[in-house]
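To start, the structure under review is shown below, and the notes come after it.
In the numbering used here, the protein residues as written are 6 to 311.
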C-alpha cells in the first residue's frame, strides 16, 4: 500500500519529491497507515484531474439545493435513502484508501470523546452513541448523521454537568487511556472494494456527497451537520485542558464555531475534520505508549520492588 512516488526513496535536490517530504515529516501525529492512505488518495490522478472538474459543479449543485430548500426546507428528508446512496457510492466508486480513512474516522471520533469523558471526574455522558464501523455495510445505519449528533450532544451534556457541579475541566492527575485503541479498529484495507471502477479519491467523493447530504436532510439538519465541523477546536480545547497541553489547539484547523463558515466549503472542511481527528487521536496513542513504557504494570512493579 505504498503511496504514489514513495516507492522510490531517491530524491533530487533540484526536483524534490513532495509526497516523500510529507511522509517523512516528523511533526505529524498521524498513524503511519493513515499517512500512507492519505498521501495515496491525495496523489492519485482522480484528485489531480477529476476533482478540479467536479468541485465547482458540486458547489454549484449545492447552491441550487440550498435555493430549493428555501421553498421546501423539510422535503425531501430521508436519512435511509441518503445512507444507502453513500454506501453504494463508496462500495462501487471510491478507492480502498479513502474508504479506510472514512471507516477509521467514526471509530476515532468516538474514542476522542470517550477519552475526555473518562478523564473528567464526575462526568458520565449518556446522550451519545459510540460508533465502531469496520465494514462499509456498518455505515448504512445512519452512521454519518449519528456522528454529527454525537458531537453536539456531547458538548451540551458535558457542559450541563460541569455547570451543575460548578466544575471546570482541569489537567488530570492520572490519565486513563483504556478507551484509546492501539490497533486498526478491525478495518482491513485489503478487504475493501478494489476493482477497476474504485478510482474516486476522498476529496472528490466528499464534494459529490455534500449536495446529496444537503438534499436528503432537512435544511436545519444539514446546517447543523456542516457547522459541527468547526467544533474541532472545541474538542481540541477540552483535550488540551485534560492533558494540560495548551498547544493541543494547534493540531486543528476547523475553528471559531460561533462564526460559521460558508456551507460551500463543507467538503474541504470535512477533509480538515478528518485530519484534525486523526491528529488528536494520534497524539493520544503516542501518549498511551509512553505511559506504558514509563510506568510498569503492577506485576512488573512488584517484581522490581522485591
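Don't be surprised by glycine CBs; every beta carbon is placed ideally from N, CA and C.
In this structure, DSSP gives residue 161 a helical state, which the three-state scheme calls helix. Excluding five sequence positions before and after residue 233, the CB atoms of its chain that fall closer than 8 Å to its own CB belong to 153, 156, 157, given in chain order. About 6 Å separates the beta carbons of residue 296 and residue 182, which is inside the 8 Å limit, making them a contact pair. Scanning 132, 168, 222 for the CA closest to the CA of residue 73 turns up 222. For residue 205, the pairing in a beta bridge is given by DSSP as 99. The secondary-structure analysis by DSSP pairs residue 17 across a beta bridge with 20. Looking at the backbone, the Cα of residue 103 and that of residue 28 are separated by about 17 Å. Shown here for residue 265: same chain residues with a beta carbon closer than 6 Å to its own, the five before and five after excluded, namely 232 in chain order. Of the residues 243, 96, 75, 83, the one whose Cα lies closest to the Cα of residue 206 is 96. For residue 39, the enclosing alpha helix (DSSP H) starts and ends at 37–47.
Taking C-alpha positions only, residue 148 is separated from residue 186 by approximately 20 Å. Per DSSP, residue 54 lies in no alpha helix (DSSP H) segment and is marked neither H nor E. In the same chain as residue 77, and ignoring 5 residues on each side of it, no C-beta atom comes closer than 7 Å to its own. Burial check for residue 255: the Cβ neighbour count within 10 Å stays below 16, so the residue is exposed.
If you draw a straight line from the Cα of residue 244 to the Cα of residue 217, it comes to about 33 Å.
Here the alpha carbons of residue 113 and residue 283 stand approximately 7 Å from one another.
Taking C-beta atoms under 8 Å as the contact rule, residue 203 and residue 98 qualify, at a distance of about 6 Å. Excluding residues up to 5 positions away in sequence, 94, 95, 98, 99, 103 lie with their Cβ nearer than 8 Å to the Cβ of residue 210 in the same chain. Contact check for residue 136 and residue 115: beta-carbon distance about 5 Å, within the 8 Å limit, so the pair qualifies. Taking the C-beta atoms as reference points, residue 63 is found nearer than 9 Å to residue 272. A Cβ-Cβ distance of about 6 Å is found for the pair residue 106 and residue 42, placing them in contact under the 8 Å criterion.
Residue 257 carries a coil assignment under DSSP once its states are collapsed to helix, strand and coil. If the five residues before and after residue 82 are omitted, its C-beta is found closer than 6 Å to the C-beta atoms of 223, all from its own chain and listed in chain order. When DSSP assignments are scanned along the stretch 216–252, the uninterrupted stretches of alpha helix (DSSP H) that are 4 or more residues long and fall wholly within it turn out to be 224–232, 237–248.
Residue 85 carries a helical assignment under DSSP once its states are collapsed to helix, strand and coil. Taking residue 257 as reference, the option from 287, 79, 228, 267 with the minimal CA-CA separation is 287. Around the beta carbon of residue 278, 16 or more other beta carbons sit within 10 angstroms, so the residue counts as buried. With contacts defined by Cβ atoms closer than 9 Å, residue 190 and residue 139 form a contacting pair.
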